[in-house]
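One line per chain: the protein sequences are D and R, in this order.
Quick note on the working numbering: the first sequence kicks off at 1 and runs consecutively.
Quick note on the working numbering: the second sequence kicks off at 1 and runs consecutively.
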Amino acid sequence: MDPALELRGINKQFGKVRALDDLHLVVPRGATYGLIGPSGAGKTTAIRIVMSILFADSGAVGVLGKPSALEAKDRIGYLPEERGVYRKMRVGAFLSYMGRLKGGSQAEVQTRAGRLLGRLGLADTVNKKCEELSKGMLQRVQFVAAIVNQPDLLILDEPFSGLDPLSVRLLKELVVEERARGATIIFSTHVMAHAEELCEQIVMIHKGCKVLDEPIAGLRRQYDSRTILLEPLDPKADLMALRSLPGVERVRLTDDGCEIGLAAGTEPGGAIRSVASLVAPARIELARIRLEDVFVRLVSGSAGSEESREALRTHLQGLSGEGAAA
Amino acid sequence: MIRRILMVASREFTTTVVRKGFIVGVLLGPVFILVLVNMIPRILNSKSPQVVGDVAVYDPSGTVIPGLQTALDPAAIAAARKARAQTPPAVSPGPGGGPALPPIPRLTVLSRDADVKAGKAWLLQDEHHLALVMLRPDAVVRPEGASDFGTYDLYVSPRLDEGTEATINEGVRQALVATRLKSSGLDQTLVEAAMRVARPNSVIVAAAGERSAQRGIARTLPFISGILLFIGVMVGGQTLLTSTVEEKSSRVVEVLLAAVSPVELMWGKLIGQLGVGLIMMAAYLALGVSALAQFALSGLLDPMLIVYLVVFYFIAYLVYGALMLAVGAAVNQMADAQSLMGPIMMLLVAPYVLTGVIGQAPNSAFSVALSFIPPVNSFAMLARLATSTPPPTWQVLATIAVGLLSAAGTVWFAAKIFKIGLLMQGKPPSFATLVRWARMA
Chain D
1 MDPALELRGI
11 NKQFGKVRAL
21 DDLHLVVPRG
31 ATYGLIGPSG
41 AGKTTAIRIV
51 MSILFADSGA
61 VGVLGKPSAL
71 EAKDRIGYLP
81 EERGVYRKMR
91 VGAFLSYMGR
101 LKGGSQAEVQ
111 TRAGRLLGRL
121 GLADTVNKKC
131 EELSKGMLQR
141 VQFVAAIVNQ
151 PDLLILDEPF
161 SGLDPLSVRL
171 LKELVVEERA
181 RGATIIFSTH
191 VMAHAEELCE
201 QIVMIHKGCK
211 VLDEPIAGLR
221 RQYDSRTILL
231 EPLDPKADLM
241 ALRSLPGVER
251 VRLTDDGCEI
261 GLAAGTEPGG
271 AIRSVASLVA
281 PARIELARIR
291 LEDVFVRLVS
301 GSAGSEESRE
311 ALRTHLQGLS
321 GEGAAA
Chain R
1 MIRRILMVAS
11 REFTTTVVRK
21 GFIVGVLLGP
31 VFILVLVNMI
41 PRILNSKSPQ
51 VVGDVAVYDP
61 SGTVIPGLQT
71 ALDPAAIAAA
81 RKARAQTPPA
91 VSPGPGGGPA
101 LPPIPRLTVL
111 SRDADVKAGK
121 AWLLQDEHHL
131 ALVMLRPDAV
141 VRPEGASDFG
151 TYDLYVSPRL
161 DEGTEATINE
171 GVRQALVATR
181 LKSSGLDQTL
191 VEAAMRVARP
201 NSVIVAAAGE
211 RSAQRGIART
221 LPFISGILLF
231 IGVMVGGQTL
241 LTSTVEEKSS
251 RVVEVLLAAV
261 SPVELMWGKL
271 IGQLGVGLIM
281 MAAYLALGVS
291 ALAQFALSGL
301 LDPMLIVYLV
311 VFYFIAYLVY
321 GALMLAVGAA
331 VNQMADAQSL
341 MGPIMMLLVA
351 PYVLTGVIGQ
361 APNSAFSVAL
371 SFIPPVNSFA
381 MLARLATSTP
391 PPTWQVLATI
401 AVGLLSAAGT
411 VWFAAKIFKI
421 GLLMQGKPPS
431 FATLVRWARM
441 A
């Protein structure tokens with residue numbers, strides 16, 4: 001069977017900025033792919049090219065067995081990052097219009113839209129004008145518009161940005177349901193925690209180049225954690241003294257203790273024992289690998305200084321924090 | 001593709017025509033004027049109270065008053081009005097129209113002395129004292145060596161309406177002329193007959209047959225057709241501009257582009273607003289036809305002119321509508337659109353203004369040349385068609401062909417800007433940037 005999405009050697013340049021550089025990507029049908037990278041990495045450009053909203057300077061696109069999304073738009077659900085509604089239109093009419101534009105029948109679309117709005121706690125908004133809804137409510141309506149036609153391919157560009165935690169949870173449930181229904185999902189985000197939670201395969205883009213395309217399980221095996229999390233029994237313990245231990249590369253203080261970075265090749269079990277012998281722990285554990293750590297390692301490479309890696313890590317955490325807080 | 005275009009068109013059309021602003025501003029406007037046009041003659045023709053009162057005259061010769069009494073007799077006034085109505089004017093008013101005249105007044109002519117002050121006091125004494133006519137001594141007999149006769153002074157009550165005042169003046173004129181002719185030994189009937197030359201309606205003799213040349217209102221038809229075209233294009237184009245800017249600024253455009261291609265979106269919007277423009281023009285046409293019917297001038301309007309109006313509206317709308325769509329897609333808010341709209345508005349206003357000139361010289365080299373130069377050609381040819389000396393058929397067909405080609409070219413160019421502009425944010429582009437976008441697309 002054809003993959004749901006195939007990009008072959010996509011290049012795109014805006015003026016002097018190279019937005020995408022020889023991007024190759026194959027997404028099998030039914031898979032959930034996370035497209036991650038910091039803002040400005042090229043994720044949205046890649047998605048717009050997939051949707052035939054923008055066109056590549058060179059390279060080929062295949063979407064649901066067609067050479068262009070223009071021939072398969074009715075089977076694609078798309079929640080763009082820059083999303084809006086017709087403010088004067090009623091919610092029900094807006095969803096009906098979007099659904100019918102994609103080939104759905106009026107009755108089908110209305111039934112599904114009503115059910116989905118109910119799931120998201122918006123059942124009473126059908127006859128309200130869009131301008132009467134809050135920003136969070138509108139985002140949920142837009143999410144419904146993306147899935148109301150039960151698409152074969154669902155592309156979500158930063159779907160949770162600006163949403164409260166409850167709305168995020170509700171939308172995540174719907175994403176999981178769409179996956180269970182058999183839809184292929186491409187999920188673009190700079191909040192890597194969301195990608196870790198929902199995706200089975202991670203594609204990282206940095207400065208227009210693909211730097212990673214791996215199953216998340218493989219990533220965890222491949223990129224072993226080299227960080228120990230320590231919460232000392234004595235809050236006044238001298239944690240910086242841990243830097244003197246063999247194999248410890250860095251110590252970063254946190255609110256409840258510190259993160260201890262290990263040098264390459266250091267055996268984690270021995271390191272934990274050494275740390276515990278120097279500072280009595282209330283809690284000590286090997287940190288689970290985080291995507292942002294993988295990303296930092298990939299883009300910094302072995303040549304990158306520890307300071308530059310730390311700066312990038314802080315940047316990514318800042319982005320994640322924004323997304324989580326929003 | 002067609003299904004999506006029609007759905008976009010349908011939404012564009014319905015959201016525009018149900019808007020309060022459209023209903024009030026565009027549809028109720030013509031309806032309101034239509035009601036007025038139908039009402040005004042009825043209001044004017046409705047019976048107002050008959051004026052009854054006295055006209056005092058100082059007649060130093062004593063020869064004018066009898067003639068004035070005759071001239072202001074109700075039967076004489078009625079006869080004079082009838083005679084004027086039967087004189088062929090430039091345009092004959094129909095039975096329901098024409099300048100409305102007040103009811104025939106019942107005026108009594110009294111003689112007064114030369115005391116102007118006392119005469120003015122007399123005017124204020126009673127509400128039936130309507131006017132004081134002070135004939136000058138040389139009003140009847142021309143002084144030796146003078147080239148003209150003397151005249152008279154008229155003092156009127158504030159209650160005297162303009163129509164009755166005109167009737168009194170006409171009566172005095174008739175009485176004076178009759179007295180002067182009589183005192184000169186001339187036969188008044190002969191002089192009046194000699195002065196009268198009935199003006200005929202000119203008849204245009206063409207290969208297709210003869211027809212009456214209705215000058216006058218007919219002269220305004222080219223200008224009126226220009227106005228209709230202008231209004232149709234402006235309403236449709238302006239709405240295209242604002243709706244595109246709204247879609248872009250509210251960020252709904254990318255959601256739409258997930259369902260339709262930019263070209264489908266553009267055509268849908270163009271077709272939707274074409275329908276809006278047609279409805280609006282139909283409203284104004286109904287107004288025009290009704291107004292012509294009111295004045296029994298329906299014959300002035302050749303049905304083919306309406307067909308040509310629709311054809312040239314279609315062409316002009318596509319040209320200007322596509323340009324406005326491109327501007328709407330290129331900017332992020334209405335304020336940014338102003339600088340780009342300036343040249344387009346000039347291109348729209350200039351041909352509209354020229355329709356008046358073209359109507360007066362429809363077959364001059366200038367008018368013929370403008371008929372083939374887009375985007376003026378639609379306006380120019382429609383104005384020429386609206387005159388009583390329309391252009392040859394080959395020129396009409398050539399103008400339509402040039403118009404369709406220019407419309408296709410403009411839509412093609414605008415589509416390129418539309419595709420790129422829709423997703424562009426940031427500062428509004430210059431014309432050079434728009435051209436660069438068109439090359440990129």
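Each residue gets a CB set at the ideal place from its N, CA and C atoms; glycine is no exception.
Restricted to the region 337 to 404 of chain R, the alpha helix (DSSP H) segments that are unbroken, complete and at least 4 residues in length are 365 to 370 and 377 to 385, listed in chain order. The beta carbon of residue 181(R) lies closer than 7 Å to those of 188 and 191 in the same chain, with the five residues before and after it left out. In the DSSP assignment, residue 285(D) forms a beta bridge with 229(D). Cβ contact annotation for residue 27(D) (same chain, cutoff 7 Å, sequence separation greater than five): 3, 4, 5, 33, 184 and 186, in chain order. CA-to-CA, the gap between residue 105(D) and residue 117(D) works out to about 18 Å. From the listed residues 155(R), 54(R) and 103(R), the smallest Cα separation to residue 126(R) is found for 54(R). Residue 186(R) sits in coil when the DSSP states are folded into three classes, being neither helix nor strand. Partner residues in the beta bridge of residue 184(D), as assigned by DSSP, are 153(D). Counting C-beta pairs with one atom in each stretch, the region 79 to 86 of chain D and the region 118 to 126 of chain D have fewer than three that are closer than 8 Å, which means they do not touch.
Using a 10 angstroms sphere on the CB of residue 164(R), the tally of other CB atoms reaches 16 or more, which defines it as buried. Contact check for residue 57(D) against residue 209(D) fails: the beta carbons are separated by 7 Å or more. When 7 Å is used as the limit between beta carbons, residue 97(D) is near these residues of chain R: 11, in chain order. Per DSSP, residue 16(D) is not a residue of any beta strand (DSSP E), being assigned neither H nor E.
Between the C-alpha atoms of residue 173(D) and residue 76(D) there is a straight-line separation of about 19 Å.
A straight-line Cα-Cα distance of about 26 Å links residue 203(D) and residue 164(D). When secondary structure is reduced to three states using DSSP, residue 24(D) falls in the strand class. Chain order gives no chain R residues near residue 110(D), where near means a beta carbon separation below 9 Å; the closest approach is about 16 Å. Within chain R, not a single residue places a beta-carbon under 7 Å from that of residue 200(D); the smallest gap is close to 24 Å.
The C-beta of residue 270(R) comes no closer than 7 Å to any C-beta of chain D.
Beta-bridge analysis with DSSP links residue 135(R) to 152(R). Per DSSP, the continuous alpha helix (DSSP H) segment holding residue 322(R) begins and ends at 303 to 330.
When 105(R), 84(R), 64(R) and 59(R) are compared, the shortest CA-CA separation from residue 75(R) is found for 105(R).
Bridge partners of residue 197(D) according to DSSP: none are assigned.
The beta carbon of residue 281(D) sits no closer than 7 Å to any beta carbon of chain R. Residues of chain R with a Cβ closer than 9 Å to the Cβ of residue 85(D) are, in chain order, 250, 251, 252 and 255. Distance from the CA atom of residue 253(D) to the CA atom of residue 140(D), rounded to whole angstroms, is 39 Å. By the rule that beta-carbons nearer than 7 Å mark a contact, residue 33(D) does not touch chain R.
Around residue 170(D), the same chain offers 119, 120, 121 and 140 as residues with beta carbons nearer than 8 Å, after the five sequence neighbours per side are excluded. The beta carbon of residue 275(D) sits closer than 7 Å to those of 228, 230, 242, 245, 260 and 284, all from its chain and outside the five residues before and after it, given in chain order. Here the C-alpha atom of residue 254(R) lies approximately 32 Å from the C-alpha atom of residue 296(D). The CB of residue 266(R) never comes closer than 9 Å to any CB in chain D; the least such distance is about 14 Å. Interface criterion met: the Cβ of residue 80(D) is under 7 Å from a Cβ in chain R.
Judged by their CB atoms, residue 7(D) and residue 85(D) are not nearer to each other than the 7 Å cut-off.
In the DSSP assignment, no residue is bridged to residue 44(D). Nearest to residue 142(R) by alpha-carbon distance, out of 9(R), 61(R) and 252(R), is 61(R). Shown here, residue 159(D) sits in coil according to DSSP, grouped into three states, outside any helix or strand.
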